[in-house]
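Q:
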Amino acid sequence: MKILVAVKRVIDYNVQIRVKEDGSGVVTDNVKMSTNPPDDNAVEEAVKIKEAGKATEVVAITVGEEKAQETVRKALAVGADRGIHVKAEGILEPLAVSKILQKVVEKEKPDLVFMGKQAIDDDCNQTGQMLAALLNWPQATFASKIDVKDKSLEVTREVDEGLETISVNVPAIVTCDLRLNEPRYASLPNIMKAKKKPLEQLSATDLGIDTKPRIEQIKVEEPPKRKAGIKVGSVSELVQKLKNEAKVI
Amino acid sequence: MSVLLIAEHNNKELKPFTLNAITAASQIDQDLHVLVIGHNADNAAKAASSVPLVKKVIQIDNSIYENYLAENFTPVIIKHAENYSHIICSANTFGKNLMPRIAALMDCSQISDIIKVISPDTFLRPIYAGNAFATVKSNDKKKCVTIRPTSFDAAPSDGGTAEIIKGDGADEFTLTKFVKKEEIKSDRPELGTARIVISGGRGMQSGDNFKLITAIADKLNAAIGASRAAVDAGYITNDHQVGQTGKVVVPDLYIAVGISGAIQHLAGMKESKVIVAINKDGEAPIFSVADYGLEADLFEALPQFLEELNKLNTIQK
């Protein structure tokens, strides 16, 4: 079984986001970037499946500007075998990314495609499902447990009501939840080794995909600020405030 | 121009958030039709038809739709989407799973999780865990939009008499099979719609200690929430998680106990009307969004809180 894992480079989850004064977006210059957190879970799961002898190759792929390669290198450092970087500039919408991934899937013919369930920058939660649609493959989204069977997967999904289990035939798309596993850290020797692993470069243009945004971003602004609250000195004061001032209990 | 809303239901009744999505959809266009795909879901279809904002209900019944698989829903929706300008659904796990599959096949760049309808093609949506709001305009001919239900009021649910017509299904997608659902049943109000939510974080230290929270939730008729840290640690099940990748809640009162307030958690609760934080670390970021902060050891504060509530003559439910 061959697994393709898609990773995205985003502003690190610990960075305090700042909106640009001209309303054109958020500040990304000199800001720490990392792999989108649930994409790390996707890589970890693929590597674990390979280590368990149930997959033969793990290929990491990213779509984006030159520096997006860093996320593929990181995946290679934790156990992916080779990488693909599809170069594309500007804002990339999930629809464009899924079309690019579709082209690569047609060429690479993986049995499984893993990725995070949502990117923490645009919070779209679309790419996996869109790719599944374009390929007409099963989709197992928001996975918190994956059981690899012979020609299928049994996937536990985190849904609003609790947990749902579905069985999907391969080939299939899985989008990963943060609770799927605990991503490992790359060791220094492995980071060095990763630099020697093959990383193929393609471009969206070569693949014939137009990535021009369909959605016009008119402006980006700061959300309304909450007005400053107060500290109360005791539990009884808290309860009195809730009862008599806020009138919520 | 007409709007097609995909109803979320459990084959017996409409899920409450469908009413919030109806409000949002009606702000896009008054000619609002609701698609109820399910099995033996007559009651859900009837409930949709009695919502005054709804002009028509299309019901599709087949046993293959019993478990709401996106792979089976998508071709049906596309079959019925032809005469509509917008396809709308709630941005909860049902809609998040389903809508992109529809959008991709219609070659539409979906707009997820809107919190405001500015015009039929322009919407406001949070990005970066709600740390920025983007105004976005869709130039696609057909628009696929998911709605953050807590940002819209629930539509009045009775008095309407929309006609219910039966629609055709589509072929079954056989490569995905439903196995089981472990639904956590509770007599408490639902987390997403509760008037009061009390949440515990890593500071609770164990699942057993959540009984301190349960006791207060019982008293206040509140739903119980949790931070991701508490769910990861196994103190409580995933359906309680509030935050960027969990549920978004907007109760009248949100009480955060032993939660430090990572931005990912704030994303799920900072629109609450009144926020209370109880934490022994006075520097915890949760205090920056709290209307009332109590710097205290939760193991002392929660029993006292219950005691003080017991002293009150009346408590709003």
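Residue numbers (this note's numbering), protein chains in the order written: chain A, 2 to 250; chain B, 720 to 1036.
Glycine included, each C-beta is placed from N, C-alpha and C at the ideal position.
Suppose contacts are defined by Cβ-Cβ distances below 8 Å. Is residue 994 of chain B in contact with residue 1015 of chain B by that definition?
A: Translated into positions along the second sequence, residue 994 of chain B becomes position 275. Translated into positions along the second sequence, residue 1015 of chain B becomes position 296. Contact flag unset, no.
Q: Is any beta-carbon of chain A found at less than 8 Å from that of residue 882 of chain B?
A: Translated into the one-based positions of the second sequence, residue 882 of chain B becomes position 163. Chain A, which has no Cβ nearer than 8 Å to the Cβ of residue 882 of chain B, makes this no.
Q: Counting only the same chain and skipping the five closest in sequence on each side, list residues whose C-beta sits under 8 Å from that of residue 909 of chain B.
A: The residue labelled residue 909 of chain B in the question sits at position 190 within the second sequence. So the qualifying residues of the chain are 735 and 942.
Q: Compute the Euclidean distance between the alpha carbons of residue 859 of chain B and residue 221 of chain A, then round it to the nearest angstrom.
A: By 1-based counting over the second sequence, the position of residue 859 of chain B is 140. By 1-based counting over the first sequence, the position of residue 221 of chain A is 220. Whole-angstrom Cα-Cα distance: 21 Å.
Q: Please go through the same chain and pick out, in chain order, the residues whose beta-carbon is closer than 7 Å to the beta-carbon of residue 13 of chain A, but skip the five residues on each side of it.
A: Here the question's residue 13 of chain A lines up with position 12 in the first sequence. Same-chain partners within the cutoff: 33, 34 and 35.
Q: Under the assumption that residue 832 of chain B contacts residue 865 of chain B (Cβ atoms under 8 Å), give the Cβ distance between them as a whole number of angstroms.
A: Indexing the second sequence from 1 puts residue 832 of chain B at position 113. Indexing the second sequence from 1 puts residue 865 of chain B at position 146. Rounded, the Cβ-Cβ distance is 6 Å, consistent with contact.
Q: Is DSSP giving residue 73 of chain A helix, strand or coil here?
A: Residue numbering aside, residue 73 of chain A sits at position 72 when the first sequence is read from its first letter. The answer is helix: DSSP assigns residue 73 of chain A an H, G or I state.
Q: Alpha carbon to alpha carbon, what distance is there between residue 968 of chain B and residue 844 of chain B?
A: Within the second sequence, numbered from 1, the residue matching residue 844 of chain B stands at position 125. Within the second sequence, numbered from 1, the residue matching residue 968 of chain B stands at position 249. Rounded to whole angstroms, residue 844 of chain B to residue 968 of chain B spans 16 Å at the Cα level.
Q: Among the residues of its own chain, which have a CB less than 8 Å from the CB of residue 956 of chain B, if the five just before and after it don't count?
A: Here residue 956 of chain B refers to the residue found at position 237 of the second sequence. Cβ neighbours of residue 956 of chain B beyond the five flanking positions: 903 and 950.
Q: Mapping DSSP to helix, strand and coil, what is residue 871 of chain B?
A: Taking the first residue of the second sequence as 1, we reach residue 871 of chain B at position 152. Here residue 871 of chain B sits in coil by DSSP.
Q: Taking the C-alpha atoms as reference points, what is the distance between residue 86 of chain A and residue 65 of chain A?
A: Your numbering for residue 86 of chain A matches position 85 in the first sequence. Your numbering for residue 65 of chain A matches position 64 in the first sequence. So the two alpha carbons sit approximately 8 Å from each other.
Q: Taking only beta-carbon atoms, is residue 895 of chain B less than 8 Å away from chain A?
A: Along the second sequence, read from residue 1 onward, the residue named residue 895 of chain B stands at position 176. For residue 895 of chain B, the answer is yes, since a Cβ of chain A falls inside 8 Å of its Cβ.
Q: So residue 1012 of chain B and residue 986 of chain B are in contact, right, with Cβ under 8 Å, and what is the actual spacing, rounded?
A: The sequence position of residue 1012 of chain B within the second sequence is 293, counting from 1. The sequence position of residue 986 of chain B within the second sequence is 267, counting from 1. Wrong, their Cβ atoms sit about 19 Å apart, outside the cutoff.
Q: Against chain B, which members of the region 141-154 of chain A pass a CB distance test of less than 9 Å?
A: Cβ contacts with chain B come from 141, 142, 143, 145 and 153.
Q: Please report how far the alpha carbon of residue 218 of chain A lies from the alpha carbon of residue 829 of chain B, in whole angstroms.
A: As a first step, residue 218 of chain A must be located in the first sequence, where it is residue number 217. As a first step, residue 829 of chain B must be located in the second sequence, where it is residue number 110. If you take the alpha carbons of residue 218 of chain A and residue 829 of chain B, they lie about 13 Å apart.
Q: Output needed in chain order: residues of the region 912-924 of chain B with a Cβ under 9 Å from some Cβ in chain A.
A: Per Cβ criterion, the list reads 914 and 915.
Q: Kindly indicate if chain B contains any beta-carbon less than 8 Å away from that of residue 43 of chain A.
A: Here residue 43 of chain A is taken as the residue at index 42 of the first sequence, counted from 1. Judged by the 8 Å Cβ criterion, residue 43 of chain A is not in contact with chain B.
Q: Please look up how many angstroms separate the CB atoms of residue 1005 of chain B and residue 965 of chain B, rounded, as I've assumed it's under 8 Å.
A: Translated into the one-based positions of the second sequence, residue 1005 of chain B becomes position 286. Translated into the one-based positions of the second sequence, residue 965 of chain B becomes position 246. Between residue 965 of chain B and residue 1005 of chain B the Cβ distance is about 16 Å, and since that is not below 8 Å, they are no contact.
Q: Using a Cβ-Cβ distance under 8 Å, would residue 978 of chain B count as near chain A?
A: Position 259 of the second sequence, counting from 1, holds the residue named residue 978 of chain B. Cβ-Cβ to chain A under 8 Å: no for residue 978 of chain B.
Q: For residue 38 of chain A, count the other beta carbons within 10 Å of its own beta carbon; 16 or more makes it buried, fewer makes it exposed. Which is it?
A: The count along the first sequence starts at 1 and reaches residue 38 of chain A at position 37. Per the 10 Å Cβ criterion, buried.
Q: Listed from N- to C-terminal order along the chain, which residues in the region 161-180 of chain A have their beta-carbon within a distance smaller than 8 Å of any beta-carbon of chain B?
A: Result list: 161, 162, 163, 164, 165, 166, 167, 168, 169, 170, 173, 178, 179 and 180.
Q: Going along chain B, which residues have a C-beta under 9 Å from residue 121 of chain A?
A: Residue 121 of chain A sits at position 120 when you count from the first residue of the first sequence. Simply 847, 848, 963, 964 and 983.
Q: List, from N- to C-terminal side, the beta strand (DSSP E) runs of 3 residues or more that fit wholly inside the region 827-870 of chain B.
A: Runs of the beta strand (DSSP E) inside the region 827-870 of chain B: 830-833, 835-838, 841-846, 851-857 and 862-866.
Q: Cβ of residue 929 of chain B less than 8 Å from any chain A Cβ?
A: Here the question's residue 929 of chain B lines up with position 210 in the second sequence. False, the Cβ-Cβ gap to chain A never drops below 8 Å.
Q: At the 8 Å Cβ level, is residue 900 of chain B part of the contact set with chain A, yes or no?
A: The sequence position of residue 900 of chain B within the second sequence is 181, counting from 1. It does; some Cβ of chain A falls within 8 Å.
Q: Tell me the residue span of the alpha helix (DSSP H) that contains residue 140 of chain A.
A: As a position in the first sequence, residue 140 of chain A is number 139, starting the count at 1. From DSSP, residue 140 of chain A is part of no alpha helix (DSSP H) but of the beta strand (DSSP E) over 140-149.
Q: Residues of chain B with CB under 8 Å from residue 34 of chain A, in chain order?
A: Here residue 34 of chain A corresponds to residue number 33 of the first sequence, with the count starting at 1. Under the 8 Å cutoff, chain B gives no residues; its nearest Cβ is about 13 Å from residue 34 of chain A.
Q: Measuring CA to CA, which of A:29, A:233, A:10 and A:44 is closest to residue 179 of chain A?
A: Position 178 of the first sequence holds residue 179 of chain A. The shortest Cα separation from residue 179 of chain A among A:29, A:233, A:10 and A:44 belongs to A:44.
Q: Given that residue 242 of chain A touches chain B, what residues does it touch there, using C-beta distances under 8 Å?
A: By 1-based counting over the first sequence, the position of residue 242 of chain A is 241. Per Cβ cutoff of 8 Å: 1011.
Q: Using a Cβ-Cβ cut-off of less than 7 Å, give me the residues of the region 737-756 of chain B that come near chain A, in sequence order.
A: Those would be none; no residue qualifies.
Q: Is it true that the region 66-85 of chain A meets the region 191-198 of chain A, where meeting means three or more beta-carbon pairs spaced less than 8 Å apart?
A: The region 66-85 of chain A vs the region 191-198 of chain A: in contact.
Q: Residue 793 of chain B by DSSP, collapsed to three states: which one?
A: As a position in the second sequence, residue 793 of chain B is number 74, starting the count at 1. It is helical.
Q: Could you give the C-beta distance for residue 874 of chain B and residue 738 of chain B, rounded to a whole number, given that I count them as a contact under 8 Å?
A: On the second sequence, residue 874 of chain B is found 155 positions in, with the first residue counted as 1. On the second sequence, residue 738 of chain B is found 19 positions in, with the first residue counted as 1. Yes, they are in contact, since the Cβ atoms of residue 874 of chain B and residue 738 of chain B sit about 5 Å apart, within 8 Å.
Q: What residue from A:146, A:162 and A:90 has the CA that sits closest to residue 155 of chain A's CA?
A: Counted from its first residue, the first sequence places residue 155 of chain A at position 154. For residue 155 of chain A, the nearest C-alpha among the options comes from A:146.
Q: Report the residue from A:20, A:53 and A:119 whose alpha carbon sits nearest the alpha carbon of residue 7 of chain A.
A: The residue given as residue 7 of chain A occupies position 6 in the first sequence. Residue 7 of chain A has its Cα closest to that of A:119, out of A:20, A:53 and A:119.
Q: Residues bridged to residue 780 of chain B by DSSP?
A: Start at 1 with the first residue of the second sequence, and residue 780 of chain B comes out as number 61. Answer by DSSP bridge pairing, in chain order: B:757.
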